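Reviewing the structure listed below.
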Amino acid sequence: MKQRKPFKPVIIILLLAAVAFGVWYFFKKSKPDAVTGLKPHVEMSIAHISDVTDSTIKMNLKMLVNNPLPVGMHLKNINYVVKMNGTTIVEDHYDQPLEVNAADSSLLTLPAKVKIKKLRIEGDDLAAKGQDSAEYHFKTILHFEKSFLGKDSLVLEMDKRLPLYRLPMIKLAGYDFKKLGLKESDIVVKVEVTNLNPFSLEFQDPRYAMDLGKQKRFAEGAVTGITKVKSKSKDIYEIPLSVSLGKVIKAGAQMIGKGKELPFTFYFKGKIKSESEVLNNSDINLVMDGELKDVEAFQKNLGRE
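When we follow the numbering used here, the leftmost residue of the sequence shown carries the number 8, and every step to the right adds one.
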């Protein structure tokens, strides 16, 4: 009697080999450093500017970490860098552990602090060339809790062309005493506001204060409601401040010794309203230092225009 050939075991072995080869090939194509196939990727953008001071701005970045692979990623921390036209404006890290499940994604809000000087320089250069957008380069380094597809970390990069956001520039342009009373006096401070954006800006309920010489809060004032600043404009706004007569007399005594070299500090606080989602509802908190002679020279130059 002839023995039957073991067709079923052979077929099963072949099927298992085919499955093993398929799994191996899939993971080979899915490795992060593969040119083709599935691989994790990151999307980043500037979400919102939350706070503006005279030297820095705080902003939030949105990061979407996408994992299309059939295995989860366990991240230990994330490093991220943002460049604008080749200049690094953000370099920070996210230290919270993060798990991104298989075939899933996770959205993060990342805080960042930017030196205004860097933005001003880049913004002025681009504006001089007639450009209202910039090239942003986002670099992300994912550090894994344990080796992920043979790697301890993964570097992901992307480029985006985004609008060029110009922060409002505010300068103390002059002052004038309008009323001198026995109890209280009024001083009108002239503020030059420049908006280089192609869209208008509004300041909601701006508040002002001024230190003069050794006198803290020499004068204070506020404007209720909205102060609108047109797009591509530079205008002078008059701000009424209240000051007690006693402080005026003390200021006069200081000026006898210091003259026009008497130092001052001017404070401006408010909230920005804008059609730009990035700038809308951003808090602005500026501090400007100088001497009275600088303001008077500025005021005389304004009179010649």
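Every residue, glycine too, gets a C-beta built ideally from N, C-alpha and C. Quantities reported herein were computed from a predicted structural model and do not represent experimental measurements.
Taking just the CA atoms, how far does P170 sit from P104?
-> Answer to the nearest angstrom: the Cα atoms are 32 angstroms apart.
3-residue-minimum beta strand (DSSP E) runs that sit fully inside the stretch 150-212, ordered along the chain | If only complete runs of 3 or more residues are kept, the stretch 150-212 shows the beta strand (DSSP E) at 158-170, 176-186, 191-202, in order along the chain.
For G264, three-class secondary structure by DSSP | Of the three classes helix, strand and coil, the one that applies to G264 here is helix, per DSSP.
Can you tell me whether DSSP reads G29 as helix, strand or coil?
-> Reliability fails at G29, whose pLDDT of 47 lies under 50, so the model's placement of it is uncertain and the value that follows must be treated cautiously. If DSSP states are grouped into helix, strand and coil, G29 belongs with the helices.
Would you mind stating whether I246 and Y274 have Cβ atoms separated by less than 7 angstroms?
-> Not in contact: I246 and Y274 (Cβ atoms no closer than 7 angstroms).
Among residues of its own chain, excluding the 5 on either side of A119, which ones have a beta-carbon nearer than 6 angstroms to its beta-carbon?
-> Around A119, the same chain offers M66, L68, V97, D99 as residues with beta carbons nearer than 6 angstroms, after the five sequence neighbours per side are excluded.
Would you decide whether T72 is buried or exposed? Buried here means 16 or more other CB atoms lie within 10 Å of its CB.
-> Note that residue 72 corresponds to Val in the displayed sequence, not to Thr. Counting Cβ neighbours within 10 Å, V72 comes out buried, since at least 16 surround it.
Using beta-carbon positions only, say whether S238 and N204 come within less than 7 angstroms of one another.
-> Taking 7 angstroms as the cut-off, the beta carbon of S238 is found closer than this to the beta carbon of N204.
Just confirm the distance between the C-beta atoms of I128 and I64, as a whole number of angstroms; I'd bet it's less than 8 angstroms.
-> Beta-carbon to beta-carbon, I128 and I64 are separated by about 14 angstroms, too far to satisfy the 8 angstroms threshold.
Runs of beta strand (DSSP E) wholly within the stretch 114-156 (minimum 3 residues, chain order) | Here the runs fully enclosed are 140-155.
Cβ pair I291, V121 closer than 7 angstroms | For I291 and V121, no; Cβs fall outside 7 angstroms.
Taking the alpha-carbon positions, what's the F210 to L161 distance?
-> Straight-line Cα distance between these residues: approximately 43 angstroms.
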